[in-house]
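Below is one structure, written out as structure tokens, with a few remarks after it.
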Amino acid sequence: MIPVIAIIGRPNVGKSTLFNYLTRSRTALVADEPGVTRDRQYGEGLFNERPFIVIDTGGMEQDEKNLETLMLKQTWAAIEEANVIFWVVDARVGLTPGDSHIAEQLRRLQKTIYVVVNKAEGGNKESACAEFYTLGMEPVLPIAAAQGIGVHDLLETALRQFPVTEAVQENKSQGIRVAIVGRPNAGKSTLVNRILGEERVLVYDAPGTTRDSVFVPFTRRDKDYVLIDTAGVRRKRSVEAGIEKFSVVKTLQAINEANVVIFVLDARQGVAEQDLHLLGFVIDSGKALVIAVNKWDGLAEDERASMRKAIDRRLQFVTYARVRYISALHGTGVGGLFPDVEEAYRSATKKFSASKLTELLNKAVESHQPPAVLGRRIKLRYAHVGGSNPPVIVIHGNQTEALSSSYRRYLANYFREQLSLVGTPIRIELRSGENPFQDKKNELTPRQVKRRKRLMEHVKKK
Numbered sequence: 005m006i007p008v009i010a011i012i013g014r015p016n017v018g019k020s021t022l023f024n025y026l027t028r029s030r031t032a033l034v035a036d037e038p039g040v041t042r043d044r045q046y047g048e049g050l051f052n053e054r055p056f057i058v059i060d061t062g063g064m065e066q067d068e069k070n071l072e073t074l075m076l077k078q079t080w081a082a083i084e085e086a087n088v089i090f091w092v093v094d095a096r097v098g099l100t101p102g103d104s105h106i107a108e109q110l111r112r113l114q115k116t117i118y119v120v121v122n123k124a125e126g127g128n129k130e131s132a133c134a135e136f137y138t139l140g141m142e143p144v145l146p147i148a149a150a151q152g153i154g155v156h157d158l159l160e161t162a163l164r165q166f167p168v169t170e171a172v173q174e175n176k177s178q179g180i181r182v183a184i185v186g187r188p189n190a191g192k193s194t195l196v197n198r199i200l201g202e203e204r205v206l207v208y209d210a211p212g213t214t215r216d217s218v219f220v221p222f223t224r225r226d227k228d229y230v231l232i233d234t235a236g237v238r239r240k241r242s243v244e245a246g247i248e249k250f251s252v253v254k255t256l257q258a259i260n261e262a263n264v265v266i267f268v269l270d271a272r273q274g275v276a277e278q279d280l281h282l283l284g285f286v287i288d289s290g291k292a293l294v295i296a297v298n299k300w301d302g303l304a305e306d307e308r309a310s311m312r313k314a315i316d317r318r319l320q321f322v323t324y325a326r327v328r329y330i331s332a333l334h335g336t337g338v339g340g341l342f343p344d345v346e347e348a349y350r351s352a353t354k355k356f357s358a359s360k361l362t363e364l365l366n367k368a369v370e371s372h373q374p375p376a377v378l379g380r381r382i383k384l385r386y387a388h389v390g391g392s393n394p395p396v397i398v399i400h401g402n403q404t405e406a407l408s409s410s411y412r413r414y415l416a417n418y419f420r421e422q423l424s425l426v427g428t429p430i431r432i433e434l435r436s437g438e439n440p441f442q443d444k445k446n447e448l449t450p451r452q453v454k455r456r457k458r459l460m461e462h463v464k465k466k
């Protein structure tokens, strides 16, 4: 499964800076359910085509008198979830009594721990690490998180021990991988058992700890699927009526491994902020999406109308996804999810020719011209496929870096409509033609230099 890294350490040592560098533009997700504060933040990173989950934690305060209570519950929860610990210390401050006490606690763990000496830019990195070797914990690796110095070596060392397992590869070849995700008590467990036939539960648990998601191969109407369950597959009589166990790590792992995500909403609770956070992560991961509004049975007509309005209003950013109104408990509408899943998967993996995409690009531009930048029109010349699942459309032209986000959205929506794509996001990549003056700056006229400067200032503002 995708490895999990927890970042821990005293306050102000650069934990969040490292988290932000590792996750880059990835969506961060904060656990939000009873008993879980917002001290743990989750995100996904990618290094050498290898995904990983990273957890940012609150600071571990320095206090020799009462260290146990100051080792915050949220930090220890993150440590329990993680495969690898990045213990961040401060090279500028040096070794502190608080660090020594933290080391005493960490030595008892059966975990892979890296002593990450942050703020070690410039000077002698060996001398910056020297005093931390006295803790008796290795490896000790210097980095500068703000600049990204040393982070590449840190990740290369940490992820080397996590090859993709054969079991996961085997499951990937057995059919469309479908993840069931959603907030606690939205009905994920009930839906899982309904899909699998309740008492006919075949459990395949991928190697790893109990925090890993469960892979369940099954066949429906001669079509193969692999269900990636985040709630834990269990027989109907074992499903308690209370709040379902919710693991952010399992959810992010499942999204990462899936081809299609079925996102479960609770019709009686409406669209909550946590739903929007989770959906944001699904979108950022580029996965195909089907939305299942559960517990639809029993709602009065005015309640149904209110829920539909809430979905139209709050989920405008996922209008490309099919919305299915179901009752997992009674089975109403559940069968309709499978055609939606198949449709979303076909859309996400569809192939297109460069000539077709270029033709559509020309029509899109003809219908709605890109805005002018500093008096000059942006020119979009041709398009081709850059990847699938999700579809990536690469557009070449000039001054594309100045193209507004609203026009990018227009292009994505135009391509999606014209190509009849349902249930999948589209990613637009823009590339400008090579600048013939790139290595001849001194040969530019004063007017060209002035215009280039204005263009760069315009792009920065955007």
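All residue numbers for the sequence shown refer to this note's numbering, where the first residue is 5 and numbers rise by one. We treat Cβ as the ideally placed atom computed from N, Cα and C, and that holds for glycine.
- Around D301, the same chain offers S331, L333, H334, T336 as residues with beta carbons nearer than 8 Å, after the five sequence neighbours per side are excluded.
- Take the alpha-carbon of V88 and the one of G284: they are about 26 Å apart.
- For Q45, there is no enclosing alpha helix (DSSP H); the enclosing beta strand (DSSP E) has its first and last residue at 45-51.
- Assignment of G290 by DSSP, reduced to helix, strand and coil, places it in the coil class.
- At least 9 Å separates the beta-carbon of V286 from that of I59.
- In this structure, Y349 keeps its C-beta atom at 9 Å or more from the C-beta atom of A271.
- Within the DSSP secondary-structure output, P429 pairs in no beta bridge.
- Under the DSSP definition of a beta bridge, V265 partners with A183, L293.
- Nearest neighbour of I9 by Cα position, chosen from F166, V398, R381, E125, turns out to be F166.
- Taking the Cα of I382 as reference, the smallest distance to any Cα among G401, A358, R412, N263 is reached at G401.
- About 6 Å separates the beta carbons of E347 and G427, which is inside the 8 Å limit, making them a contact pair.
- For Y324, no beta strand (DSSP E) run applies, since DSSP gives it neither H nor E.
- Residue range 101-110 is occupied by the alpha helix (DSSP H) that includes P101.
- Among the bridge pairs identified by DSSP, D60 is matched with I11, Q45.
- A residue is called buried when at least 16 other Cβ atoms come within 10 angstroms of its Cβ; A376 does not meet this threshold and is exposed.
- Checking the DSSP bridge columns, you'll see I232 partnered with A183, F219.
- Within the same chain, E135 come within 7 Å of G98 by CB-CB distance, once the 5 residues on both sides are set aside.
- Taking C-beta separations shorter than 7 Å and ignoring five residues to either side along the sequence, the partners of Y137 in its chain run V144, following chain order.
- Leaving aside the five residues that flank M311 on each side, the residues in its chain whose CB is nearer than 6 Å to its CB run, in chain order, A271.
- Here the segment 45-54 lies against the segment 19-28, with 3 or more beta-carbon pairs under 8 Å apart.
- For K383, the enclosing beta strand (DSSP E) stretches over residues 383-391.
- Taking C-alpha positions only, V369 is separated from L159 by approximately 43 Å.
- Cα atoms of G191 and V275: separation of roughly 14 Å, rounded to the nearest angstrom.
- Excluding sequence positions up to five before and after P15, its CB lies within less than 6 Å of the CB of G63, all in the same chain and listed in chain order.
- Spatial neighbours of L139 in its own chain (CB-CB distance under 8 Å, excluding positions within 5 residues in sequence) are listed in chain order as L99, D103, S104, A107, V119.
- Rounded to whole angstroms, the gap between the alpha carbons of V268 and V338 is 12 Å.
- Cβ neighbours of S20 within its own chain (closer than 7 Å, five residues either side excluded): D60.
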